[in-house]
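Participant: Numbering (the working numbering), first residue to last: -10 to 214.
Note that the Cβ used here is the ideal one computed from N, Cα and C, for glycine as well.
Below is the structure I would like to discuss, written out as structure tokens.
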């Protein structure tokens, strides 16, 4: 019995640790946002708290639907049904894009959440700016979720982990630039990008999510499509 357990552990561990590291990198996104905005403005920190709660409510709800691709693909992949594997991923991506449209409506018009929060006018304005910037990230985030579930199901979690860690490393300098503003030097400037505060975190997240989606995650899936 012990030998069987040890054998199972050796098979699970190479798949489990990249998933753990990748999820820790994703969780660090909100930690980085909080730490960096806290040093910028208390009003923006309040907006980040409310806006982050609204976005996570929308995103996690939709993400749970999209991640249904993982067990389905895992079963088909184990059975050697490669055509069905590719078809399932196609449908998952289309479903992710369709669900993102519903989520974007909530982010564009978050009145029910703002009514419950009863925030001050200056905080409410910044919450809206934060959520409106995240509208651009939602399609990429959900599509990447589908690809993440797919690659994990076909035993390729390390690729997803690398993209998630790289996304975190990219987000930190982008956060700093977008929160505090910056000037583009020659030959791109002179162009001044104003300080965006909490909304700058959302802009950075949108850039990172689209960069992750354009990474090698989709390339790895292509041979199975």
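(1) What separation, rounded to the nearest whole angstrom, lies between the Cα atoms of residue 213 and residue 137?
(2) If residue 156 and residue 192 are in contact, beta carbons under 8 Å, what's the gap, nearest whole angstrom?
(3) Given residue 34, which residues of its chain have a CB within under 8 Å of its CB, disregarding the five upstream and five downstream residues?
(4) Would you say residue 135 reaches chain D, if we count a Cβ-Cβ gap shorter than 9 Å as a contact?
(5) Which of helix, strand or coil does DSSP assign to residue 124?
(6) Give the DSSP bridge partners of residue 173, in chain order.
(7) Is it right to say residue 92 is buried, meaning 16 or more other beta carbons lie within 10 angstroms of its own, or is it exposed?
(8) Quick one, are the C-beta atoms of residue 10 and residue 154 less than 9 Å apart?
(9) Which value, in whole angstroms, describes the spacing of the CA atoms of residue 185 and residue 122?
(10) For the putative contact between residue 124 and residue 40, defined by C-beta atoms under 8 Å, what is the C-beta separation to the nearest angstrom?
Facilitator: Considering the structure as presented:
(1) At residue 213 the pLDDT is 47, less than 50, meaning the model places this residue with poor confidence; the figure from the coordinates comes in the next sentence. Cα to Cα, residue 213 sits roughly 14 Å from residue 137.
(2) Incorrect: roughly 14 Å between the Cβ atoms, too far for contact.
(3) 23, 26, 27 and 187
(4) In the structure shown, chain D cannot be found, because there is only a single protein chain.
(5) coil
(6) Here residue 173 is bridged, per DSSP, to 180.
(7) With 16 or more Cβ atoms within 10 Å of its Cβ, residue 92 is classed as buried.
(8) Residue 10 is a Cβ neighbour of residue 154, given a cutoff of 9 Å.
(9) 11 Å
(10) Incorrect: roughly 12 Å between the Cβ atoms, too far for contact.
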